[in-house]
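In this note's numbering, the protein residues as written are 4 to 361.
Inspection log for the structure reproduced underneath, given as structure tokens.
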Amino acid sequence: MTRIVGGLLVAVVLPVVSAPAQEDEPDSVSAPAPLFESHDIVEFTLKAPLKTIFKDRSQESEELPGTLIVQDDAGSQVTLDVKVRTRGKYRLERRTCGFPPLRVNFQTSQVENTVFSGQDKLKLVTHCQDKRSEYEQYVLQEYLIYRVYSLLTDVSFRVRLARVTYEDTDEDRDTITRYAFFIEDDEAMAKRVGWQVLSVPLVTPEYVDPKHLAVFEVFQYLIGNTDWSAFLPEPEKPDCCHNAKPIGDPAGPVLPVPYDFDMAGIISTRYAKPDPMVGVRSVRDRRFWGICRPREEVDAALAVFNEQRDAIYDLYRSQVGLEEKPLEKTIEYLDEFYEVINDPRKVRDEFLRMCREV
């Protein structure tokens, strides 16, 4: 519904009288599209005027035509007409990424019988820099963060790793092949789990599913990320929330779904900096940025992480392309997290004393 507040028409999420429905109680769910039903690497070639596309770093960048060449379900090579544009925020800046994130717009009439069946517009997370090998490792590490969250809850963005050969039709130069990954569309993700995307200016904690929020916030602590808000929008953006997509029902509950993890300490990208409000010196330093809640709710959330402990470690250890050095650093980072959540005193210090009152 809407409400007039201070002369402004504001969308409002209404609280529910009884306890909010939990994340496993949506009205109905839909099956995921084929692209996100497998974790096999998708290989394709993207031909587009990349030099021209990369010049436009605006939030309303123009889509330019290109082609995407991929094998169809029968194993034959097919050429799909696509439109490509830049996207993002920090990684959209030229000083951060010479090769920015992209949005690929498919023609829905062409994608039948391919891995992209049912897709329309998709975010493609790219390697950011051509000449620094660690940036391709960042792609794999961020991809795995999405996979970790999907182990903890189905209310999460699905991702699909790709090996992309880029051919710049603007210039006669060698092609490059790099890792990238697609992110599930917002609306498709919400529909899959039986909810809808909510366009609201802000969310207050009492409207959010408490169990989901607790796991969401501990997850951000796990990966060492403070570049998010489950309640407030990004600066200069009208809709909530910062690096969290609110889904649910207009009458409640609300479930924030996290995305965009390149500032996380578990990756430690070259350009990542800690939020000065958090009070840590390095992105590798963890700080719980969640709200205060009873000890039993904290313990219930931590139990979810312990249940998936082996699966999380296995994700990293089995990832093709992840080099030994970033793997070792990640395992060490995970070890530190699990040491904290299985020590009652450290749980008290990290999650009960350092939480934020609301």
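Using N, Cα and C, we set each Cβ at its ideal position, and we do this for glycine too.
Considering just the uninterrupted stretch of the alpha helix (DSSP H) at residue i, what are its terminal residues?
i: H42; result: It is not in any alpha helix (DSSP H) - H42 carries neither H nor E in the DSSP assignment.
i: K204; result: Position check: residue 204 holds Pro in this sequence, whereas Lys was assumed. Premise fails: P204 is in no alpha helix (DSSP H) and is neither H nor E.
i: A303; result: R298 to E310
i: F222; result: P213 to I226
i: R106; result: Premise fails: R106 lies in the beta strand (DSSP E), L105 to F109, not in any alpha helix (DSSP H).
i: P329; result: E327 to I344
i: I148; result: S136 to L155
i: K349; result: P347 to V350
Could you check where the beta strand (DSSP E) with residue i kicks off and where it finishes?
i: P250; result: According to the sequence as given, residue 250 is Ile; it is not Pro. Where I250 is concerned, the enclosing beta strand (DSSP E) stretches over A247 to G251.
i: S232; result: S232 to P236
Nearest-angstrom Cα distance between residue i and residue j?
i: F119; j: N108; result: 11 Å
i: V350; j: V343; result: 6 Å
i: D242; j: G91; result: 16 Å
i: S271; j: I294; result: 25 Å
i: V167; j: A314; result: 27 Å
i: S310; j: T333; result: It should be pointed out that residue 310 corresponds to Glu in this sequence rather than to Ser. About 19 Å.
i: V257; j: Y210; result: 6 Å
i: P373; j: V128; result: Residue 373 lies beyond the stretch modelled for the chain, which goes from 4 to 361, so this question has no answer here.
i: C358; j: W292; result: 6 Å
i: Y274; j: L83; result: 35 Å
i: L337; j: F354; result: 17 Å
i: I2; j: D133; result: The structure shown does not extend to residue 2, since the chain is modelled only from 4 through 361, so no value can be given for it.
i: E40; j: H245; result: 28 Å
i: T99; j: A165; result: 22 Å
i: E220; j: Q144; result: 19 Å
i: V307; j: L67; result: 44 Å
i: Y341; j: V301; result: 14 Å
i: V281; j: L71; result: 43 Å
i: E339; j: H42; result: 28 Å
i: R106; j: L325; result: 25 Å
i: V3; j: P208; result: Summary: the structure shown does not reach residue 3, with the chain confined to residues 4 through 361, and so no result is reported for it.
i: D346; j: V151; result: 22 Å
i: E139; j: H130; result: 5 Å
i: H215; j: E190; result: 19 Å
i: E360; j: D352; result: 15 Å
i: F57; j: V87; result: 10 Å
i: G78; j: E46; result: 12 Å
i: L225; j: A304; result: 12 Å
What residues match up with residue i in a beta bridge as DSSP calls it?
i: T70; result: K50 and D84
i: I186; result: K126 and V162
i: Q199; result: G251
i: V257; result: V211 and G251
i: T180; result: T168
i: F102; result: C131
i: R359; result: I294
i: C243; result: P236
i: T89; result: L105
Cβ atoms of residue j and residue i: under 8 Å apart, would you say?
i: Y93; j: V142; result: no
i: P261; j: A247; result: yes
i: S64; j: T89; result: yes
i: P253; j: L205; result: no
i: F184; j: V158; result: no
i: D76; j: T48; result: no
i: E115; j: R60; result: no
i: I44; j: K126; result: no
i: R289; j: G227; result: yes
i: M192; j: F160; result: yes
i: G101; j: P37; result: no
i: G69; j: V81; result: no
i: A217; j: R298; result: no
i: D188; j: D263; result: no
i: P213; j: A233; result: no
i: L154; j: Q322; result: no
i: D177; j: D230; result: no
i: L330; j: Y319; result: yes
i: V286; j: P249; result: no
Practice prompt. Flag this pair as touching only if the segment 263–275 and the segment 193–205 have three or more C-beta atom pairs under 8 Å; answer yes or no.
Written response: Contact check between the segment 263–275 and the segment 193–205: fewer than three CB pairs, one atom from each, fall below 8 Å, which does not count as touching.
Item to complete: Specify whether the segment 45–60 and the segment 168–176 touch according to this definition: at least 3 beta carbon pairs, one from each stretch, less than 8 Å apart.
Response: Yes, the segment 45–60 is in contact with the segment 168–176.
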